[in-house]
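First residue of the sequence shown? That's 1037 in the working numbering, and the numbers climb one at a time after it. Here is the structure we will look at, set down as structure tokens.
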Amino acid sequence: MENTSQLVNVFVEGLARLTSYALTDKEKEAVVHGFHKFHERLERMSSTSSLRQLAIESQNQSGKVPRCQHEGTCMQNAIRGLLRTFLVGFGVKWGLEAVPHLISLRLFTCPSLLLRGFSRDTTSFASFLAVLVSSYKAILCTMRHIRGEKGSDYTNSLVAGMLAGLISAKLDRSTSRRNAISLYLFSRALQYGTVWVFERWASRQQTEDDKLRSRWMKRAHSVDVVSATRRKLEREAVEEAGVEPRVNWDAEWNADTKMDTEPEWNPQTTISWSTTVEPSLETKREARRSHFVRSAIHWARSYAPAALMTFSVTVITYVLVFHVESMPTGYAHLLFKSSGFDALYPGKVALVFKAVAQKMAESTTGKFTIPDGMPTKQFVSQIPFGDTLAKSFDDHIHHNTLTCGLFHPSTTSCALGMANSFSRGFPFAMKMYVPLNIAVQVMFKRGIILKDPMSVLLKIIKSSTRSSAFFALMSMAILQAPCIFRNMLGRDTVFGYIAGGIFGGLAVLTEVRSRHIELGMYCFLRALQMAWNVGIKKGMWSNVRHGEVMMLSASMAVLMSIFQNDPTTFTLTY
1037 MENTSQLVNV
1047 FVEGLARLTS
1057 YALTDKEKEA
1067 VVHGFHKFHE
1077 RLERMSSTSS
1087 LRQLAIESQN
1097 QSGKVPRCQH
1107 EGTCMQNAIR
1117 GLLRTFLVGF
1127 GVKWGLEAVP
1137 HLISLRLFTC
1147 PSLLLRGFSR
1157 DTTSFASFLA
1167 VLVSSYKAIL
1177 CTMRHIRGEK
1187 GSDYTNSLVA
1197 GMLAGLISAK
1207 LDRSTSRRNA
1217 ISLYLFSRAL
1227 QYGTVWVFER
1237 WASRQQTEDD
1247 KLRSRWMKRA
1257 HSVDVVSATR
1267 RKLEREAVEE
1277 AGVEPRVNWD
1287 AEWNADTKMD
1297 TEPEWNPQTT
1307 ISWSTTVEPS
1317 LETKREARRS
1327 HFVRSAIHWA
1337 RSYAPAALMT
1347 FSVTVITYVL
1357 VFHVESMPTG
1367 YAHLLFKSSG
1377 FDALYPGKVA
1387 LVFKAVAQKM
1397 AESTTGKFTI
1407 PDGMPTKQFV
1417 SQIPFGDTLA
1427 KSFDDHIHHN
1437 TLTCGLFHPS
1447 TTSCALGMAN
1457 SFSRGFPFAM
1467 KMYVPLNIAV
1477 QVMFKRGIIL
1487 KDPMSVLLKI
1497 IKSSTRSSAF
1507 FALMSMAILQ
1517 APCIFRNMLG
1527 RDTVFGYIAG
1537 GIFGGLAVLT
1547 EVRSRHIELG
1557 MYCFLRALQM
1567 AWNVGIKKGM
1577 WSNVRHGEVM
1587 MLSASMAVLM
1597 SIFQNDPTTF
1607 TLTY
């Protein structure tokens, strides 16, 4: 019995020692405080002193390492990052698999579905995240120890992020997920890297502008003082001559010498109280440049996300119309359903764009006029994939052009086709955004729901309606806006479809400005992926072996370097 008690004590002590490496000093103090209370109860029942020894050992753990901003030792920091990230990653992956079963109510009829989340794939994903985070922490601390105080933390975090990406990349067994993560981090590295460079440039421009303003203010002040002195001498000369002054010198003097306010910064107008200073040509040039830079900074901060969204949607539209096979299947299916095309051509939507792309490639004029009196169905049956597509047309409907017939087969009116597209896309978007907004409110604003449920309900309705209108407008513009240019020019052109993408991207202006950057980055990520696929298809480049590993490594290097040294950069886009 005594040997068993000793074995239990040794096991508890070992377990406590391992656990201490995953806790900060504050957390260990809380644990030890709990041990003290628990031990007081044990002393009334037993004379065992193992827990007292455990508390003493926990209190003697080493403190912070110089230059490291984390709590506890570097080893504790790395192990804590490994364990916590693994648990979080495992929980998130398991939750993503369990939630769909919960929403569809299948979980109540088959509870064993919960066990499917405890799979090898889930463990692989969690291990990838855990090693990525913990290896970064460990390498960063090592770099700080080796390079000492003289080493720049920019370099430390850059190297740590790069090596962490290389070490952890292959731990995720899913190639498609690994590629998606690499592409996502690459797009974020571009985003935050651009913001970091832009903000540093804007700060430097602001400093130069302040220096120019300071020089101009000093000149304005000196000229005004000289003017006041000149007027004082003129007044004394007039008084000595005994001549009646033609002006109120006291009022002029008071106006000249009063310095309660600062002259307004505008070198093109009067800047002093009594004297108009004509700026030099160089000053005018500097002022114009300063005004242009300030305007450029303001416009970039305000409208760069919308411009990114417009560019991305334009690329997506081009790929959709002319290279639909290069689109990711899931994203293409989302566009088809949101625009209502999936209902018009069940399971055959891709054939519509393949037919349009082939006809555009074969034609030199871009005119696809349907002869008068010929039903659209009969004409469509003569084009590539026409036998399959013609089944979606009425026997007697007649369109003026082939492409109008393909994009709105149920009506000959382009305006009515746009209205039908919006009316089909809006309910679909509402089904997507309402649950999303409800989930956000429940997860992050539960307290407000209990206090003021009506305001939360109105906010959900307003936000969902606005987002759904944006999504429906974007889908409508991508597919139906080319009709406008087709009717204006009398033929189909690549520019018409690109213009449709531009209009679709500008639909983001109907959304809340704070969401522009996230929507733009999401579409940019997709556009980047599609452009890469099109380049491979055209033979412009080819897939690089282990390219996703290099991309992940480079992206982690940039992101961690910025995050470690200028974390405010991440808050500038939210």
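For every residue, glycine included, the Cβ atom is placed at its ideal position computed from N, Cα and C.
{"Check": "Could you spell out the range, first to last residue, of the alpha helix (DSSP H) harbouring Ile1520?", "Outcome": "1518-1525"}
{"Check": "Kindly indicate the opening and closing residues of the alpha helix (DSSP H) around Asn1601.", "Outcome": "1583-1601"}
{"Check": "Please classify Met1410: is it buried, with 16 or more other beta-carbons within 10 angstroms of its beta-carbon, or exposed?", "Outcome": "exposed"}
{"Check": "DSSP state of Thr1546, grouped into three classes?", "Outcome": "helix"}
{"Check": "With DSSP as the reference, label Thr1605 as helix, strand or coil.", "Outcome": "helix"}
{"Check": "For the stretch 1442-1521, list the alpha helix (DSSP H) runs that are entirely contained and at least 4 residues long, ordered along the chain.", "Outcome": "1450-1480, 1482-1487, 1489-1516"}
{"Check": "Going by the beta-carbon positions, is the gap between Ser1504 and Met1468 smaller than 9 Å?", "Outcome": "yes"}
{"Check": "Answer yes if the stretch 1217-1233 comes into contact with the stretch 1544-1561, meaning at least three C-beta pairs across the two stretches below 8 Å, and no otherwise.", "Outcome": "yes"}
{"Check": "Among all the DSSP beta bridges, which residues are the ones paired with Thr1230?", "Outcome": "None; Thr1230 has no bridge partner."}
{"Check": "Tell me the DSSP secondary structure of Thr1412 in three-state form.", "Outcome": "helix"}
{"Check": "Between Leu1611 and Val1388, which are expected to be in contact by the criterion C-beta below 8 Å, what is the C-beta distance as a whole number of angstroms?", "Outcome": "Because the chain here runs from 1037 to 1610, residue 1611 falls outside it and cannot be looked at."}
{"Check": "Compare the Cα-Cα distances from Asp1378 to each of Gln1565, Gly1197, Gly1461 and report the closest residue.", "Outcome": "Gly1461"}
{"Check": "CA-CA distance, Ser1597 and Gly1422?", "Outcome": "55 Å"}
{"Check": "Helix, strand or coil for Thr1405? Go by DSSP, reduced to three states.", "Outcome": "strand"}
{"Check": "Whole angstroms are fine: how far does the CA of Phe1606 sit from the CA of Met1592?", "Outcome": "14 Å"}
{"Check": "Using the Cβ count rule (16 or more neighbours within 10 Å means buried), how would you classify Glu1398?", "Outcome": "exposed"}
{"Check": "Which partner residues does Thr1424 have in the DSSP bridge list?", "Outcome": "Thr1424 is not bridged to any residue."}
{"Check": "Figure out for me which residue from Met1111, Gly1383, Val1169 has the closest Cα to the Cα of Leu1123.", "Outcome": "Val1169"}
{"Check": "Could you compute how far the alpha carbon of Thr1297 sits from the alpha carbon of Ala1508?", "Outcome": "Residue confidence is low: Thr1297 scores 44 on pLDDT, short of 50, so the model does not pin down where it sits. Its coordinate-derived value is still stated next. If you take the alpha carbons of Thr1297 and Ala1508, they lie about 54 Å apart."}
{"Check": "Do Gly1537 and Ile1514 count as a contact pair if the criterion is CB distance below 9 Å?", "Outcome": "yes"}
{"Check": "Which residues mark the beginning and the end of the alpha helix (DSSP H) in which Gly1663 is found?", "Outcome": "One cannot answer for residue 1663 here, as it falls past the ends of the chain, which runs 1037 to 1610."}
{"Check": "What residues in its chain sit with their C-beta under 7 Å from that of His1435, if we drop five residues either side in the sequence?", "Outcome": "Ile1406, Thr1412, Gly1441, Thr1448"}
{"Check": "Decide if Phe1164 is buried, meaning its Cβ has at least 16 other Cβ atoms within 10 Å, or exposed.", "Outcome": "buried"}
{"Check": "Is the number of C-beta pairs between the stretch 1240-1249 and the stretch 1319-1336 that are closer than 8 Å three or more?", "Outcome": "yes"}
{"Check": "Report the three-state DSSP secondary structure of Leu1211 (helix, strand or coil).", "Outcome": "Rather than Leu, the amino acid found at residue 1211 in this sequence is Thr. Reduced to three states, the DSSP call for Thr1211 is helix."}
{"Check": "Do the stretch 1180-1192 and the stretch 1117-1134 touch if we need at least three Cβ pairs shorter than 8 Å?", "Outcome": "no"}
{"Check": "For His1369, tell me which candidate among Gly1383, Tyr1354, Phe1358, His1359 has the shortest Cα-Cα distance.", "Outcome": "Gly1383"}
{"Check": "Excluding the 5 residues preceding and the 5 following Thr1401 in the sequence, name in chain order all residues of the same chain whose CB lies nearer than 7 Å to its CB.", "Outcome": "Arg1527"}
{"Check": "Could you check the C-alpha separation between Gln1112 and Arg1156 for me, to the nearest Å?", "Outcome": "27 Å"}
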